[in-house]
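Using my numbering, the first residue of the sequence shown is number 315, and each one after it goes up by one.
Please read the structure below before turning to the comments.
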Amino acid sequence: MNEGVVLIPTYNERENAELIVRKVFSLPTTFDVLIIDDGSPDGTADVIRQLQQEFPDRLFLEERAGKQGLGTAYLHGFRWALQRNYGYVFEMDADFSHNPEDLIQLYEACTHQGYDLAIGSRYIQGVNVVNWPMDRVLMSWFASAYVRIVTGMPIMDATAGFKCYSAKVLRTVVRHRIRFVGYAFQIEMKWLAYKHGFRIKEVPIIFTDRTRGTSKMSKGIFKEAFFGVLQMKASSWFRRFNPASDQAATHDEEVALSSAAKSR
(Lines of atoms letter the chains of each structure in order from A and count residues from 1; the text may use other names and numbers.)
(Lines give C-alpha, C1' and ligand atoms only; values in the text may rest on other atoms or scores of the structure.)
Protein backbone atom coordinates (compact mmCIF):
# COMPACT_ATOMS: atom_id res chain seq x y z
CA MET A 1 0.00 0.00 0.00
CA ASN A 2 1.22 3.51 -0.83
CA GLU A 3 1.44 5.69 2.25
CA GLY A 4 0.20 9.25 1.76
CA VAL A 5 -0.75 11.62 -1.06
CA VAL A 6 -1.52 15.33 -0.80
CA LEU A 7 -4.33 16.55 -3.06
CA ILE A 8 -3.99 20.17 -4.17
CA PRO A 9 -6.74 21.58 -6.42
CA THR A 10 -5.57 24.53 -8.52
CA TYR A 11 -7.09 27.26 -10.62
CA ASN A 12 -4.75 30.09 -11.64
CA GLU A 13 -2.10 29.23 -9.05
CA ARG A 14 0.98 29.64 -11.24
CA GLU A 15 2.59 31.90 -8.64
CA ASN A 16 2.26 29.27 -5.91
CA ALA A 17 2.38 25.92 -7.73
CA GLU A 18 6.12 25.27 -7.80
CA LEU A 19 6.69 26.72 -4.33
CA ILE A 20 4.04 24.55 -2.66
CA VAL A 21 5.20 21.36 -4.40
CA ARG A 22 8.84 21.91 -3.45
CA LYS A 23 7.88 22.69 0.14
CA VAL A 24 5.89 19.45 0.51
CA PHE A 25 8.74 17.45 -0.98
CA SER A 26 11.23 19.07 1.43
CA LEU A 27 9.44 17.69 4.50
CA PRO A 28 11.09 14.90 6.54
CA THR A 29 7.98 12.73 6.07
CA THR A 30 7.54 11.52 2.49
CA PHE A 31 4.32 12.47 0.71
CA ASP A 32 3.32 12.19 -2.93
CA VAL A 33 1.44 15.13 -4.47
CA LEU A 34 -1.50 15.13 -6.87
CA ILE A 35 -2.37 18.45 -8.51
CA ILE A 36 -5.95 18.63 -9.82
CA ASP A 37 -6.02 21.56 -12.22
CA ASP A 38 -9.27 22.90 -13.65
CA GLY A 39 -7.92 24.25 -16.92
CA SER A 40 -6.08 27.21 -15.41
CA PRO A 41 -5.61 29.82 -18.16
CA ASP A 42 -2.48 31.15 -16.41
CA GLY A 43 -0.49 27.99 -17.22
CA THR A 44 -0.47 26.35 -13.78
CA ALA A 45 -0.51 22.89 -15.39
CA ASP A 46 2.54 23.79 -17.51
CA VAL A 47 4.48 24.54 -14.33
CA ILE A 48 3.53 21.15 -12.88
CA ARG A 49 4.43 19.28 -16.07
CA GLN A 50 7.87 20.85 -15.97
CA LEU A 51 8.31 19.83 -12.32
CA GLN A 52 7.26 16.26 -13.11
CA GLN A 53 10.53 15.84 -15.00
CA GLU A 54 12.30 16.41 -11.67
CA PHE A 55 9.88 14.36 -9.53
CA PRO A 56 8.51 11.71 -11.94
CA ASP A 57 7.51 9.20 -9.25
CA ARG A 58 6.09 11.59 -6.66
CA LEU A 59 4.29 14.38 -8.52
CA PHE A 60 1.11 13.69 -10.46
CA LEU A 61 -1.24 15.88 -12.48
CA GLU A 62 -4.90 15.45 -13.34
CA GLU A 63 -6.27 18.07 -15.72
CA ARG A 64 -9.97 18.82 -16.04
CA ALA A 65 -11.77 20.96 -18.56
CA GLY A 66 -12.86 24.24 -17.00
CA LYS A 67 -13.59 25.30 -13.46
CA GLN A 68 -15.87 22.62 -11.98
CA GLY A 69 -15.75 23.38 -8.27
CA LEU A 70 -13.63 22.47 -5.27
CA GLY A 71 -15.78 19.55 -4.19
CA THR A 72 -15.69 17.78 -7.55
CA ALA A 73 -11.91 18.31 -7.72
CA TYR A 74 -11.44 16.58 -4.38
CA LEU A 75 -13.82 13.76 -5.26
CA HIS A 76 -11.83 13.21 -8.45
CA GLY A 77 -8.67 13.11 -6.35
CA PHE A 78 -10.16 10.75 -3.76
CA ARG A 79 -11.08 8.20 -6.41
CA TRP A 80 -7.67 8.56 -8.03
CA ALA A 81 -5.94 7.94 -4.67
CA LEU A 82 -8.13 4.96 -3.71
CA GLN A 83 -7.48 3.31 -7.07
CA ARG A 84 -3.77 3.53 -6.28
CA ASN A 85 -4.13 2.16 -2.74
CA TYR A 86 -2.94 5.16 -0.77
CA GLY A 87 -3.48 4.65 2.95
CA TYR A 88 -3.84 8.36 3.78
CA VAL A 89 -5.16 11.18 1.64
CA PHE A 90 -4.69 14.86 2.46
CA GLU A 91 -6.53 18.00 1.39
CA MET A 92 -4.53 21.21 1.17
CA ASP A 93 -4.79 24.60 -0.53
CA ALA A 94 -2.13 25.72 -2.99
CA ASP A 95 -1.78 29.26 -1.63
CA PHE A 96 0.17 28.55 1.62
CA SER A 97 -2.81 29.47 3.81
CA HIS A 98 -2.21 25.93 5.07
CA ASN A 99 1.36 25.47 6.30
CA PRO A 100 2.76 22.35 4.60
CA GLU A 101 4.76 21.56 7.74
CA ASP A 102 1.46 20.84 9.51
CA LEU A 103 0.94 17.86 7.22
CA ILE A 104 3.18 15.94 9.58
CA GLN A 105 1.02 16.43 12.67
CA LEU A 106 -2.12 15.55 10.70
CA TYR A 107 -0.38 12.40 9.47
CA GLU A 108 0.74 11.46 12.98
CA ALA A 109 -2.77 11.93 14.37
CA CYS A 110 -4.00 9.24 11.97
CA THR A 111 -1.00 6.91 11.88
CA HIS A 112 0.25 7.07 15.47
CA GLN A 113 -2.80 8.12 17.46
CA GLY A 114 -5.39 5.98 15.68
CA TYR A 115 -7.74 8.66 14.34
CA ASP A 116 -9.61 8.18 11.08
CA LEU A 117 -9.87 11.86 10.17
CA ALA A 118 -7.53 14.63 11.32
CA ILE A 119 -8.63 18.24 10.81
CA GLY A 120 -6.26 21.20 10.74
CA SER A 121 -8.31 23.42 13.02
CA ARG A 122 -8.20 27.21 13.25
CA TYR A 123 -10.51 27.33 16.27
CA ILE A 124 -9.71 24.40 18.55
CA GLN A 125 -7.35 26.65 20.56
CA GLY A 126 -8.83 30.12 20.33
CA VAL A 127 -8.82 31.87 16.93
CA ASN A 128 -5.62 31.21 14.98
CA VAL A 129 -6.05 33.20 11.77
CA VAL A 130 -3.51 35.64 10.30
CA ASN A 131 -4.16 38.43 7.75
CA TRP A 132 -7.93 38.01 7.53
CA PRO A 133 -10.16 41.07 8.01
CA MET A 134 -12.25 40.87 11.17
CA ASP A 135 -15.55 40.48 9.32
CA ARG A 136 -14.26 37.39 7.55
CA VAL A 137 -12.91 35.90 10.78
CA LEU A 138 -16.27 36.42 12.46
CA MET A 139 -18.16 34.99 9.49
CA SER A 140 -16.00 31.87 9.49
CA TRP A 141 -16.18 31.38 13.28
CA PHE A 142 -19.94 31.86 13.42
CA ALA A 143 -20.37 29.54 10.43
CA SER A 144 -18.73 26.75 12.42
CA ALA A 145 -20.85 27.58 15.48
CA TYR A 146 -23.97 27.44 13.29
CA VAL A 147 -22.93 24.01 11.96
CA ARG A 148 -22.44 22.70 15.51
CA ILE A 149 -25.87 23.93 16.58
CA VAL A 150 -27.73 22.50 13.58
CA THR A 151 -25.91 19.18 13.24
CA GLY A 152 -24.66 18.44 16.73
CA MET A 153 -21.16 17.71 15.42
CA PRO A 154 -18.60 18.47 18.17
CA ILE A 155 -16.19 20.07 15.69
CA MET A 156 -14.92 23.59 16.30
CA ASP A 157 -13.74 24.23 12.72
CA ALA A 158 -16.47 22.66 10.61
CA THR A 159 -15.48 24.50 7.43
CA ALA A 160 -11.76 23.62 7.58
CA GLY A 161 -10.21 22.45 4.33
CA PHE A 162 -6.88 21.11 5.66
CA LYS A 163 -7.37 17.44 6.49
CA CYS A 164 -5.99 13.92 6.52
CA TYR A 165 -8.36 11.04 5.76
CA SER A 166 -7.61 7.39 6.24
CA ALA A 167 -8.54 5.38 3.17
CA LYS A 168 -11.35 3.61 5.04
CA VAL A 169 -13.12 6.94 5.62
CA LEU A 170 -12.99 7.80 1.93
CA ARG A 171 -14.09 4.33 0.83
CA THR A 172 -17.18 4.84 2.96
CA VAL A 173 -17.94 8.47 2.16
CA VAL A 174 -17.52 8.36 -1.63
CA ARG A 175 -20.30 5.76 -1.78
CA HIS A 176 -22.70 8.56 -0.87
CA ARG A 177 -23.93 11.15 -3.34
CA ILE A 178 -22.03 14.24 -2.28
CA ARG A 179 -24.44 17.13 -2.76
CA PHE A 180 -22.21 20.19 -2.55
CA VAL A 181 -19.24 21.47 -4.51
CA GLY A 182 -18.26 24.69 -2.71
CA TYR A 183 -17.76 25.66 0.93
CA ALA A 184 -20.45 23.23 2.09
CA PHE A 185 -18.47 20.31 0.63
CA GLN A 186 -16.01 20.53 3.52
CA ILE A 187 -18.87 20.43 6.02
CA GLU A 188 -20.58 17.52 4.28
CA MET A 189 -17.43 15.38 4.30
CA LYS A 190 -17.01 15.87 8.05
CA TRP A 191 -20.72 15.22 8.59
CA LEU A 192 -20.60 11.88 6.78
CA ALA A 193 -17.48 10.79 8.65
CA TYR A 194 -19.10 11.80 11.94
CA LYS A 195 -22.39 10.03 11.19
CA HIS A 196 -20.56 6.82 10.34
CA GLY A 197 -18.81 6.92 13.70
CA PHE A 198 -15.23 7.46 12.54
CA ARG A 199 -12.73 8.83 15.06
CA ILE A 200 -12.07 12.52 14.40
CA LYS A 201 -9.40 14.76 15.88
CA GLU A 202 -8.88 18.50 15.47
CA VAL A 203 -5.21 19.45 15.33
CA PRO A 204 -4.43 23.12 16.07
CA ILE A 205 -2.90 25.06 13.18
CA ILE A 206 -2.31 28.69 12.29
CA PHE A 207 -4.14 29.72 9.12
CA THR A 208 -2.45 32.49 7.12
CA ASP A 209 -4.30 34.21 4.29
CA ARG A 210 -2.68 34.03 0.87
CA THR A 211 0.01 36.54 -0.05
CA ARG A 212 0.17 35.58 -3.75
CA GLY A 213 -2.64 35.01 -6.24
CA THR A 214 -6.35 35.74 -5.91
CA SER A 215 -8.83 34.37 -3.38
CA LYS A 216 -11.65 32.17 -4.74
CA MET A 217 -14.02 32.96 -1.84
CA SER A 218 -17.43 34.51 -2.57
CA LYS A 219 -20.74 35.25 -0.85
CA GLY A 220 -22.37 32.53 -2.92
CA ILE A 221 -20.11 29.94 -1.29
CA PHE A 222 -21.27 30.98 2.17
CA LYS A 223 -24.90 30.94 1.03
CA GLU A 224 -24.50 27.36 -0.18
CA ALA A 225 -23.06 26.40 3.20
CA PHE A 226 -25.86 28.09 5.18
CA PHE A 227 -28.69 26.31 3.41
CA GLY A 228 -26.65 23.18 2.76
CA VAL A 229 -26.32 22.45 6.48
CA LEU A 230 -30.09 22.48 6.87
CA GLN A 231 -30.45 20.13 3.90
CA MET A 232 -27.83 17.76 5.30
CA LYS A 233 -29.52 17.59 8.68
CA ALA A 234 -32.98 17.05 7.20
CA SER A 235 -31.83 14.38 4.73
CA SER A 236 -30.02 12.48 7.50
CA TRP A 237 -33.39 11.60 9.03
CA PHE A 238 -34.06 9.41 6.01
CA ARG A 239 -30.62 7.86 5.54
CA ARG A 240 -28.91 4.93 7.20
CA PHE A 241 -25.32 5.36 8.33
CA ASN A 242 -23.47 2.11 8.95
CA PRO A 243 -21.03 2.14 11.89
CA ALA A 244 -17.37 2.56 10.97
CA SER A 245 -16.60 -0.96 12.27
CA ASP A 246 -19.12 -2.42 9.80
CA GLN A 247 -17.57 -0.44 6.95
CA ALA A 248 -14.12 -1.83 7.75
CA ALA A 249 -15.47 -5.37 7.88
CA THR A 250 -17.24 -4.89 4.55
CA HIS A 251 -14.02 -3.70 2.93
CA ASP A 252 -12.07 -6.63 4.36
CA GLU A 253 -14.65 -8.98 2.88
CA GLU A 254 -14.39 -7.25 -0.50
CA VAL A 255 -10.60 -7.61 -0.48
CA ALA A 256 -10.82 -11.28 0.52
CA LEU A 257 -13.36 -12.03 -2.20
CA SER A 258 -11.28 -10.18 -4.78
CA SER A 259 -8.15 -12.08 -3.77
CA ALA A 260 -9.98 -15.41 -3.90
CA ALA A 261 -11.34 -14.63 -7.35
CA LYS A 262 -7.90 -13.78 -8.64
CA SER A 263 -6.41 -17.02 -7.28
CA ARG A 264 -8.90 -19.20 -9.17
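For each residue, glycine too, the CB sits at the ideal point set by N, CA and C.
With a contact defined as Cβ atoms closer than 8 Å, I492 and G383 miss out at about 11 Å. Within the same chain, L506 come within 7 Å of H490 by CB-CB distance, once the 5 residues on both sides are set aside.
In this chain, the alpha helix (DSSP H) harbouring K504 covers 497-509.
With contacts defined as CB atoms closer than 8 Å, Y421 and T358 fail to qualify as a contacting pair. In this structure, the CA atom of I433 is about 23 Å from the CA atom of K537. The distance from the Cβ of I501 to that of T473 is about 6 Å, consistent with a contact at the 8 Å cut-off. Check the Cα spacing between I418 and each of I519, Q545, N556: the tightest is with I519. For the pair S458 and D471, the CB atoms are nearer than the 8 Å cut-off. Within the DSSP secondary-structure output, S354 pairs in no beta bridge. S435 is classed as buried because its beta carbon has at least 16 other beta carbons within 10 Å across all chains shown. Going by beta carbons, R372 and V347 fall inside the 8 Å limit. Here V319 is buried: its Cβ has 16 or more other Cβ atoms, across all protein chains shown, within 10 Å. In terms of CA proximity to V543, I463 leads the group R398, P370, I463, L341. Minimum Cα-Cα distance from W455 among the listed residues N442, M467, T465, N399 corresponds to N442. The region 442-495 is shown to contain whole alpha helix (DSSP H) runs of 4 or more residues at 448-465, 481-487, in chain order.
Under a 10 Å Cβ-count criterion, V403 is classified as buried, with 16 or more other Cβ atoms of the shown protein chains found around its own Cβ.
A distance below 8 Å separates the beta carbons of E327 and A408. With contacts defined by Cβ atoms closer than 8 Å, E317 and G401 form a contacting pair. Approximately 7 Å separates the beta-carbon atoms of D430 and K482; this is inside 8 Å, confirming the contact. Within the same chain, and ignoring the five residues on either side of V451 in sequence, the residues whose Cβ sits closer than 7 Å to its Cβ are V441, V443.
If you compare the alpha carbons of K381, E376, D360, D416 with that of R393, the shortest gap goes to E376. Nearest neighbour of F410 by Cα position, chosen from E329, Y460, L484, F494, turns out to be E329.
In this structure, H412 sits near F476, with a CB-CB distance shorter than 8 Å. Using a 10 angstroms sphere on the CB of E368, the tally of other CB atoms stays under 16, which defines it as exposed. Burial is judged here by how many other beta carbons sit within 10 angstroms of a residue's own beta carbon; P370 has fewer than 16 and is exposed.
Take V488, set aside five residues on each side of it, and the residues of its chain with a beta-carbon closer than 8 Å to its own are L389, F392, R393, L396, in chain order.
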